[in-house]
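Protein sequences appear in the order of chains A and B.
According to our numbering, the first sequence is numbered sequentially starting from 464.
According to our numbering, the second sequence is numbered sequentially starting from -8.
The beta carbon of each residue, even a glycine, is placed where N, CA and C say it ideally should be.
Scroll down for the structure; my scribbles are underneath it.
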Amino acid sequence: MKFSIYRYNPEKDSKPYMQDYEVVLQSTDRMLLDAILRIKALDDSLSLRKSCREGVCGSDGMNINGRNGLACITPLAGLTEPVVLRPLPGLPVIRDLIVDMSQFFKQYQSVKPYLVTHSPAPQKERHQSPQDREELDGLYECILCACCSTACPSFWWNPDKFLGPAALLQAYRFIADTRDESTRERLDDLEDPYRLFRCHTIMSCAEVCPKGLNPTAAIGKIKAEMVKRMV
Amino acid sequence: MAVTRQVFDAVIVGGGGSGLRAALQLSEAGHSVAVFSKVFPTRSHTVAAQGGVGASLGNMQEDHWLWHMYDTIKGSDYLGDQDAIEFMCRKAPELVYELEHFGMPFDRNPDGTIYQRPFGGHTQNFGQNPVHRACAAADRTGHALLHTLYQRNIRSQCQFFVEWMALDLIRDRDGVVVGIVALEMETGQVVLFQAKVVVLATGGAGRIYQSSTNAYINTGDGLGMAARAGIPLEDMEFWQFHPTGVAGAGILITEAVRGEGGILLNALGERFMERYAPNMKDLASRDVVSRAMDQEIKEGRGVGPDKDHVLLKLDHLGEDVIHKRLPGIREIAIKFASVDPVREPIPVVPTCHYQMGGIPTNYYGQVVVPRGQQHAEPVPGLYAIGECACVSVHGANRLGTNSLLDLLVFGKSAGDHISAWLKTHPEQRDLPRQAETLSLARLRSLESDEPGESVTQLGAEMRRVVQHHAGVFRTEALLSEGVDKIRVLAQRANQLRIVDRSQVFNTARVEALELQNLMIVAEATLVSALARQESRGAHARDDYPERDDREWLKHSLWYREESRMAYKPVNLQPLTVESFEPKVRVY
Chain A
464 MKFSIYRYNP
474 EKDSKPYMQD
484 YEVVLQSTDR
494 MLLDAILRIK
504 ALDDSLSLRK
514 SCREGVCGSD
524 GMNINGRNGL
534 ACITPLAGLT
544 EPVVLRPLPG
554 LPVIRDLIVD
564 MSQFFKQYQS
574 VKPYLVTHSP
584 APQKERHQSP
594 QDREELDGLY
604 ECILCACCST
614 ACPSFWWNPD
624 KFLGPAALLQ
634 AYRFIADTRD
644 ESTRERLDDL
654 EDPYRLFRCH
664 TIMSCAEVCP
674 KGLNPTAAIG
684 KIKAEMVKRM
694 V
Chain B
-8 MAVTRQVFDA
2 VIVGGGGSGL
12 RAALQLSEAG
22 HSVAVFSKVF
32 PTRSHTVAAQ
42 GGVGASLGNM
52 QEDHWLWHMY
62 DTIKGSDYLG
72 DQDAIEFMCR
82 KAPELVYELE
92 HFGMPFDRNP
102 DGTIYQRPFG
112 GHTQNFGQNP
122 VHRACAAADR
132 TGHALLHTLY
142 QRNIRSQCQF
152 FVEWMALDLI
162 RDRDGVVVGI
172 VALEMETGQV
182 VLFQAKVVVL
192 ATGGAGRIYQ
202 SSTNAYINTG
212 DGLGMAARAG
222 IPLEDMEFWQ
232 FHPTGVAGAG
242 ILITEAVRGE
252 GGILLNALGE
262 RFMERYAPNM
272 KDLASRDVVS
282 RAMDQEIKEG
292 RGVGPDKDHV
302 LLKLDHLGED
312 VIHKRLPGIR
322 EIAIKFASVD
332 PVREPIPVVP
342 TCHYQMGGIP
352 TNYYGQVVVP
362 RGQQHAEPVP
372 GLYAIGECAC
382 VSVHGANRLG
392 TNSLLDLLVF
402 GKSAGDHISA
412 WLKTHPEQRD
422 LPRQAETLSL
432 ARLRSLESDE
442 PGESVTQLGA
452 EMRRVVQHHA
462 GVFRTEALLS
472 EGVDKIRVLA
482 QRANQLRIVD
492 RSQVFNTARV
502 EALELQNLMI
512 VAEATLVSAL
522 ARQESRGAHA
532 RDDYPERDDR
542 EWLKHSLWYR
552 EESRMAYKPV
562 NLQPLTVESF
572 EPKVRVY
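And the structure:
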């Protein structure tokens, strides 16, 4: 199978280049990650992140034939050759397929992604109805792979000011949680020309999310909450 | 190479569930803590846990911590230490409520309480019938738990060193642990971290097996560090084979599938667990189910062209239950087995999943070693928690849901114990001179111009040997041949060479260092398994099919030096209740 992979090692390359590889696959190689590891066995300088190899840790996000996805759950069968692999777009490249995600995590951390409560905790669990809990479905499952934010043109232009779809999905995850007691502060914090309102509903985020989540919908719900409190 | 130094109260190696739980306890108490992780914390392998966390909340049925304790002891095949097991099971509800208060998105019952499901080996009233004890967030409990703990650590402003690999422990002349040597992946620089306390929370080493549910990062780094520092590894012959890994792919299919009513079928369409465990059936403990599956396959009732797996049927649960309670499983089955479990069964096979053994500790998380007449004396300055530790609450076989519980209970317990200790110990001890020498030598050797070994090839050979010689069923002949082979491989691991010599994010270097740690774990496993001449829990010897409490009701200790074995007694004395005496184990 043929591959064309983005290579850049800051210690020796003045600029990035594409390197071609051809590799013989085994019958057990099912996913793109399996093939990349065959290549890495031949060329140990090829660098990428990887861990769970089942699509739940979010390590191996990359741009695959022009589309962001996780290598470990992208079937080899559907890929056209040569398979073109590039780092996630819009973030600084550290080396090869490894990008610097500091900005992405900073935005995530800035939405206070934890439950805020003022009332004293009960002896046992805080109660929540199954219906209220269902509001969190499609939100809490995010794996922070950054496929969405790095597919978002608004995030490319303003990665320091616009929170990006992943962080906004988490912002809404806590707004939607009936146990959280700081909805007003959370909405105040998003009331800003950039942080939330740079989303132009292009929907690239929902299209590429490897977990099938829909940040655009969550962003819409945040906007609806803002309208609701104005009237 | 100039080596810089940083100073902290406590250094935690590992950013998974146990490391984050301990970090939270320490950072909220105001101590300066540094958490080291090879990956961004939410990518740690805790994220892959699916089914639930065990606690006798009794939300859906009557339950009691004492029943949980009994189940855990019986599950451990009586090798678990009963003081630690009582400690864990009593604390369980408090730790789960706490997690809920942190924001964990548990599934709910109509009355608003946490949803609980049945799980293998968990019973009401000392073995009478299955009980709903596993507190669940769909089939993504580990993901929800790990993210919740990381989020809480953002709140407490804990300091993380992300994409750093710890290389070695630093011990001073008195044997006190005073810090670590660590490698920053992004720059390739090596830094000394001086600390009053070091906590190892590096998870398991399931990557010693060819077929494993474990992530690539599960390479036993903490075990390698401990063993190189002269600390023994406990009960390393006990590896859990999870009954339901996707055949061929090794990806985990949670026991929650059977908890929700799924069943195992052989080639004849027969629900064979009824023969092996008449009472608990498909919800017998994991060692029992895995052996039964292996037996079915061995006797020719396996499924598929090679008759090498069995089937996990769950279509009868209905699309609603699958969609609501097992959505992740459906995703995995479609992606990795090309079957939609709403209509077809999933092909499954026993797959290496969990390391019951590890670095010996007590229930405060202190690492303990034999000294003089004492068999469990703390190593000053060193703690271990989570899968890399052996407390031992899992003994010879862990019950499902007890791993998430273990990392919560002992993460917090270690945090509290360290916090109290730090308050009375303001002084840092001096680092010994040239503490980095051995680590740097190991790094240099990888780049030597002498001919050497390829990481990929040696790793593959090691996984093949462990898989073949230390699988579900073991014999003297298999194991002793395996020991000979692994010793040769371990020697060769001293001559690993990498081609890539750059400093920036050199993953070849990291993988070589990981393989050296794995090799230590593999040797410990084979040597300990050969020595234990009985069958207990996950260690099944065809040549010694019975449990032998007279000779072998004791913990193994493997020392890297001379690859020598020693033993220490099992603690059969709980903290406040009567001891559970070893009995024949029937499910």
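- In the DSSP assignment, His59/B falls outside any beta strand (DSSP E) and within the unbroken alpha helix (DSSP H) covering 56 to 66.
- Note that the C-beta distance between Phe464/B and Asp285/B is below 8 angstroms.
- About 23 angstroms separates the Cβ atoms of Ala529/B and Trp58/B, ruling out a contact at the 8 angstroms cut-off.
- The criterion of a C-beta distance shorter than 8 angstroms is not satisfied by Ala125/B and Gln150/B.
- Of Leu511/A, Pro550/A, Gln489/A, the smallest CA-CA separation from Arg500/B is found for Leu511/A.
- Scanning the segment 532 to 560 of chain A for uninterrupted beta strand (DSSP E) segments of 3 residues or longer gives 546 to 549, 556 to 558, listed from N- to C-terminal end.
- Listed along chain A is no residue with a C-beta nearer than 7 angstroms to that of Gly197/B; the closest approach is about 12 angstroms.
- When the five nearest sequence neighbours on each side are left out, the beta carbons in the same chain lying within less than 7 angstroms of the beta carbon of Glu251/B are those of Arg108, Leu308, Val312, Arg316, Leu317, in order along the chain.
- Beta-carbon to beta-carbon, Val574/A and Leu626/A are separated by about 7 angstroms, close enough to satisfy the 8 angstroms threshold.
- The C-beta separation of Gly6/B from Val26/B comes to about 5 angstroms, placing the pair in contact by the 8 angstroms criterion.
- Glu553/B and Ala481/B have their C-alpha atoms roughly 13 angstroms apart.
- In the structure shown, Cys662/A adopts coil according to DSSP, grouped into three states.
- Around Asp539/B, the same chain offers Glu525 as residues with beta carbons nearer than 7 angstroms, after the five sequence neighbours per side are excluded.
- Contact annotation for Gln591/A against chain B: Arg99, Gly103 [CB-CB distance below 7 angstroms, chain order].
- Apart from sequence neighbours up to five positions away, the residues of its chain that approach Thr104/B with a beta-carbon distance below 7 angstroms are Asn50, ordered along the chain.
- Nearest Cα to Met494/A within the set Ile527/A, Leu631/A, Met689/A, Ile468/A: Ile527/A.
- Using a CB distance cut-off of 8 angstroms, Tyr657/A does not count as an interface residue toward chain B.
- Burial is judged here by how many other beta carbons sit within 10 angstroms of a residue's own beta carbon; Thr132/B has at least 16 and is buried.
- Ile536/A has its alpha-carbon roughly 7 angstroms from the corresponding atom of Lys326/B.
- Per DSSP, Met156/B is one residue of the beta strand (DSSP E) stretching across 155 to 162.
- Contact annotation: Arg501/A and Gln482/A have beta-carbon atoms that are not nearer than 8 angstroms.
- Looking from the CA of Asp507/A, the closest CA among Ala503/B, Met556/B, Val561/B, Arg523/B belongs to Ala503/B.
- Between the beta-carbon of Cys608/A and that of Leu533/A there is about 6 angstroms, and that keeps the pair under the 8 angstroms contact cut.
- When C-alpha distances from Gln185/B are compared across Ser23/B, Ala83/B, Gln357/B, the shortest belongs to Ser23/B.
- Leu303/B places its beta carbon less than 8 angstroms from that of Val248/B.
- Look at the beta carbons and you see the segment 87 to 95 of chain B not touching the segment 111 to 122 of chain B: under three pairs across the two are nearer than 8 angstroms.
- Boundaries of the alpha helix (DSSP H) around His92/B: 73 to 93.
- Gln507/B and Arg219/B have their C-alpha atoms some 11 angstroms from each other.
- The straight-line gap separating the alpha-carbon atoms of Pro96/B and Asp72/B is approximately 32 angstroms.
- Taking CB atoms only, Ile561/A has a neighbour in chain B less than 8 angstroms away.
- Comparing C-alpha distances from Lys414/B to each of Val169/B, Ala46/B, Asn144/B, Val188/B shows the shortest one belongs to Val188/B.
- One alpha carbon belongs to Val671/A, the other to Ala614/A, and they sit about 8 angstroms apart.
- In the three-state reduction of the DSSP assignment, Ala46/B falls in the coil class, being assigned neither a helical nor a strand state.
- Sequence-distant partners of Ile350/B (beyond 5 residues in either direction) whose C-beta falls short of 8 angstroms from its own C-beta, in its chain, are Leu191, Gly213, Leu214, Ala217, Ile222, Leu224, Glu225, Val358, Ala375, Cys379, Ala380, Cys381.
- Annotation for Asn497/B: Met176, Gly179, Ile489, Asp491 place their beta carbon closer than 8 angstroms to its own, counting only its chain and skipping 5 residues before and after.
- Apart from sequence neighbours up to five positions away, the residues of its chain that approach Asp278/B with a beta-carbon distance below 6 angstroms are Asn388, Gly528, Ala529, ordered along the chain.
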